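One structure is given below, encoded as structure tokens.
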Amino acid sequence: MIDRLQSKLLLDDLKKLLARVEADLLARSADADVPEIGARLRAEYDRARAAKRTANTFEEWRTDRITQAAVAWVLSCVFVRFLEDNDFVSPPRIAGPGDRLSTARDTHQHFFTSRPRDTDREFLVSIFDELAALPGTADIFGVHNALREIPTWLSG
Numbered sequence: 001m002i003d004r005l006q007s008k009l010l011l012d013d014l015k016k017l018l019a020r021v022e023a024d025l026l027a028r029s030a031d032a033d034v035p036e037i038g039a040r041l042r043a044e045y046d047r048a049r050a051a052k053r054t055a056n057t058f059e060e061w062r063t064d065r066i067t068q069a070a071v072a073w074v075l076s077c078v079f080v081r082f083l084e085d086n087d088f089v090s091p092p093r094i095a096g097p098g099d100r101l102s103t104a105r106d107t108h109q110h111f112f113t114s115r116p117r118d119t120d121r122e123f124l125v126s127i128f129d130e131l132a133a134l135p136g137t138a139d140i141f142g143v144h145n146a147l148r149e150i151p152t153w154l155s156g
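Going by my numbering, 4 is the number at position 4 of the sequence shown; the sequence numbering is gapless.
Have a look at this one:
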């Protein structure tokens, strides 16, 4: 059971992580090395404006969209950890207490042994994909999860 102090520390850490993920996604959306991210966001914005679903400027709209995607990444990881800590999924893939941490580290290492060009993004997406295939978690981790909206984040 997490006490109040641990809850506050966790929340503080998650807020810092969210800010880092948002900053990274924003930078990637304007990065000339991955123009498809910015182009995809611009096209989505143009469709939203044409359909009168937004009156925001592109920059305001993009910031909101990036926040949604960043929150989805953070909360998806938190939910995976909840599932792992409560033995709802096995084996653990991100972390866990005692031997379960060791198992998660082995799983992580094995993933990259068989897929050396992939990044932690692909590792996390593989976990989310497995959970999307399960009836109890399909709606949470499936195609409508906002983490899938900026698919090239951390790739390459």
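No residue lacks a Cβ here, since even glycine has one placed at the ideal position from N, Cα and C. In this text, all values refer to a predicted model and were calculated from it rather than measured experimentally.
By alpha-carbon positions, which one of the options ends up nearest to residue i?
| i | options | result |
| --- | --- | --- |
| residue 125 | 83, 114, 73, 89 | 73 |
| residue 66 | 25, 145, 90, 137 | 25 |
| residue 87 | 23, 142, 100 | 100 |
| residue 23 | 36, 68, 47 | 68 |
How close, in whole Å, do the beta carbons of residue i and residue j come, if the pair is a contact with beta carbons under 8 Å?
| i | j | result |
| --- | --- | --- |
| residue 107 | residue 93 | 5 Å |
Can residue i and residue j be called in contact, C-beta distance under 8 Å?
| i | j | result |
| --- | --- | --- |
| residue 131 | residue 70 | no |
| residue 41 | residue 29 | yes |
From residue i to residue j, what distance separates their C-alpha atoms?
| i | j | result |
| --- | --- | --- |
| residue 119 | residue 105 | 15 Å |
| residue 138 | residue 11 | 26 Å |
| residue 135 | residue 38 | 34 Å |
| residue 57 | residue 146 | 21 Å |
| residue 49 | residue 7 | 40 Å |
| residue 51 | residue 150 | 21 Å |
| residue 53 | residue 45 | 9 Å |
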